[in-house]
Amino acid sequence: MEIRKEELTRYILPMREGGSLPLLGEADDGFRYVVKMRGAGHGKKALISELIGGMVARSFKFKTPELVFLDLDSTFGITEPDEEVQELLRKSEGMNLGLHFLDGAFTFDPAVNNVDPLTASKIVWLDAFLTNVDRTRLNPNMMVWHNELWLIDHGASLYFHHSWKDPGTAALDPFPYISRHALLPAASRLEEANSLMRQAITPRTLSKIVDLIPEEWLEEEDGSLTPAERREGYRRFLTRRLAESQIFTQEAIRQRELLK
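In terms of my numbering, the sequence shown opens at residue -9 and continues consecutively.
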């Protein structure tokens, strides 16, 4: 399990969406990427959420944009006139994360675009597993590209790490925020999804995904935990949450019943 590393070579434009202010750039492989920057919003933690969330989704065979580590140097975007963007670029020098740009994709609308009940249930399960608070009806973070459903933007996952409470305890969170999920009304096969998803991934795969986190993203100014301790915390959270998946599955079922 590997992620390519490329260097950003061409600045295209800022993408003024949400609070993270990603940008569109081109790397030395010739492809365009939506670049999530370490200097924005929740910083490196948002990149870790994006990395883990995207790789877990891919392990479940969901369609997600390829993730690439992107190096941003001091000359990148130097001609950008916006001072806010310039400040963000300078704070983001070093390793960032890129998502392959889905050129021509359009936003999935749960009121218009249909998803079969099992697929909807699997996506709801995925987001409950990741504690992803940001796949709502107002902001579904799903795209349709070449007539297929793609999942994007997992940066709001793993919210336990913003306060870094005990990962083992955090893994038992039933996740009531699933009530706002865009696909919850269609997710009528959650028990079946729980069984299938538990069979589709192993603690070993989750551990390999955690190992992908760059060491520099795990370094925090307060120094309360070492990078190795933080890495182990993510590993503990994910493996225990998988083992105790019935907790959040039952909560999702309960929240769906309340919609009726």
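C-beta: ideal position from N, C-alpha, C; glycine also.
Limits of the beta strand (DSSP E) - the one that residue i falls within
i	result
arginine 0	-5 to 4
asparagine 86	84 to 90
arginine 127	Premise fails: arginine 127 is in no beta strand (DSSP E) and is neither H nor E.
lysine 23	A quick correction: the sequence has tyrosine, not lysine, at residue 23. Element bounds for tyrosine 23: 22 to 26.
Alpha helix (DSSP H) segment containing residue i, residue limits
i	result
aspartate 212	Note, aspartate 212: premise wrong, no alpha helix (DSSP H); not H, not E.
arginine 246	235 to 248
arginine 80	73 to 81
glycine 158	157 to 160
phenylalanine 119	107 to 120
glycine 43	34 to 49
leucine 180	180 to 190
Residue burial classification, residue i (beta-carbon count within 10 angstroms, cutoff 16)
i	result
arginine 244	exposed
serine 185	exposed
proline 100	buried
histidine 151	buried
proline 55	buried
alanine 172	buried
serine 235	buried
serine 229	Strictly speaking, residue 229 in this sequence is threonine, with serine absent from that position. Burial call: buried.
Reduced DSSP secondary structure (H/G/I, E/B, other) of residue i
i	result
leucine 11	coil
lysine 53	coil
threonine 195	helix
alanine 17	strand
histidine 136	coil
7 Å CB neighbourhood of residue i in its chain, flanking five on each side removed
i	result
arginine 231	Phe119 and Ala161
leucine 208	Pro217, Arg220 and Arg221
alanine 183	Leu108, Ser111, Lys112 and Trp115
Cut-off 6 Å between Cβ atoms - residues of its own chain near residue i, not counting five sequence neighbours on either side
i	result
serine 82	Met27, Arg28, Gly29 and Leu62
glycine 44	Thr54, Leu57 and His144
methionine -9	Lys198
Cut-off 8 Å between Cβ atoms - residues of its own chain near residue i, not counting five sequence neighbours on either side
i	result
alanine 95	Met133, Val134, Trp135 and Trp140
tyrosine 224	Ile38, Ile42, Leu148, His151, Pro157, Val200 and Ile203
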